[in-house]
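**Q**
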């Protein structure tokens with residue numbers, strides 16, 4: 044059996060960087076993009092273009108629009124503005140309850156069917172938006188649950204878990220793909236490709252990380268090598 048991985052792919056900076064690395068590490072990579080009626084639906088087209096650019100043989104778009112009906116968030120409701128302020132529960136209003144529970148479960152079901160033992164996601168605890176389902180503890184827990192529920196030994200890989208945004212840019216640059224990620228990924232909550240709207244929390248995190256990396260490339264490349272297996 045070939046060394047095969049399944050990647051949860053949104054077309055954003057993080058998942059695009061994960062795809063670039065995965066294509067170097069695995070014999071084949073299948074990508075799954077979820078359509079959940081997200082605010083920035085342009086990401087689905089961006090994901091299609093990215094997988095075509097990198098010659099990904101299998102890219103599946105899965106409709107999970109039921110999530111849009113159940114989970115109230117600024118990413119699922121056009122009438123809720125994305126805010127820099129936290130809600131009363133301490134979470135940003137862009138948090139989509141249950142999203143990664145659903146995504147990781149469906150990705151592992153897909154992996155089961157295609158014979159892949161590795162499921163990759165670009166979540167990050169070090170430099171993230173405050174989402175509880177991006178934490179290492181959660182990923183380890185859902186990994187164990189999927190293994191038990193399907194009697195399979197999947198490995199959920201999180202290449203960016205302990206990287207800050209500057210180091211994530213360093214990873215893209217390590218594989219000589221910084222310009223592609225910079226120009227062709229979609230991270231912006233308002234659906235603006237590349238550098239984004241410049242105002243939403245996601246754009247703020249992305250731009251600060253890029254500025255930090257460009258100001259001291261050697262530092263971040265060195266810290267990247269200390270934290271990852273390149």
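Residue numbers (our numbering): 44 to 273.
In this text, a Cβ means the ideal position worked out from N, Cα and C, and glycines have one as well.
1. Residue 272 by DSSP, collapsed to three states: which one?
2. Would you mind stating whether residue 51 and residue 150 have Cβ atoms separated by less than 8 Å?
3. Return helix, strand or coil for residue 96, following the three-state DSSP convention.
4. Whole angstroms is fine: what's the gap from residue 260's alpha carbon to residue 266's?
5. Decide if the region 60–78 is in contact with the region 93–103; the criterion is three or more beta carbon pairs, one per stretch, under 8 Å apart.
6. Since residue 165 contacts residue 231 with CB under 8 Å, what's their CB separation in whole angstroms?
7. DSSP on residue 353, reduced to helix/strand/coil?
8. Going by the DSSP bridge assignment, what does residue 77 pair with across the sheet?
9. Distance check for residue 86 and residue 248, CA to CA, integer angstroms please.
10. Whole angstroms is fine: what's the gap from residue 78's alpha carbon to residue 145's?
11. Leaving out five residues on either side along the sequence, give the residues of the same chain with a beta carbon under 8 Å from the beta carbon of residue 44.
**A** On the basis of the data shown:
1. Here residue 272 sits in coil by DSSP.
2. Cβ distance < 8 Å, so residue 51 and residue 150 count as in contact.
3. Residue 96 falls in the helix class under three-state DSSP.
4. Between residue 260 and residue 266, the alpha-carbon positions lie close to 10 Å from each other.
5. Segment contact: the region 60–78 against the region 93–103, three or more CB-CB distances shorter than 8 Å; contact assigned.
6. No, residue 165 and residue 231 are not in contact; Cβ-Cβ is about 16 Å, not under 8 Å.
7. Any answer about residue 353 is impossible in this case: the structure gives the chain only from 44 up to 273.
8. In DSSP, residue 77 forms a bridge with 105.
9. Roughly 18 Å separates the two Cα atoms.
10. Each residue's Cα considered, the two are about 12 Å apart.
11. Only weak support is given to the placement of residue 44: the predicted model assigns it a pLDDT of 38, under 50, and the value that follows is read from those uncertain coordinates. Sequence-distant Cβ neighbours of residue 44 in its own chain, meaning closer than 8 Å and more than five residues away, are 158.
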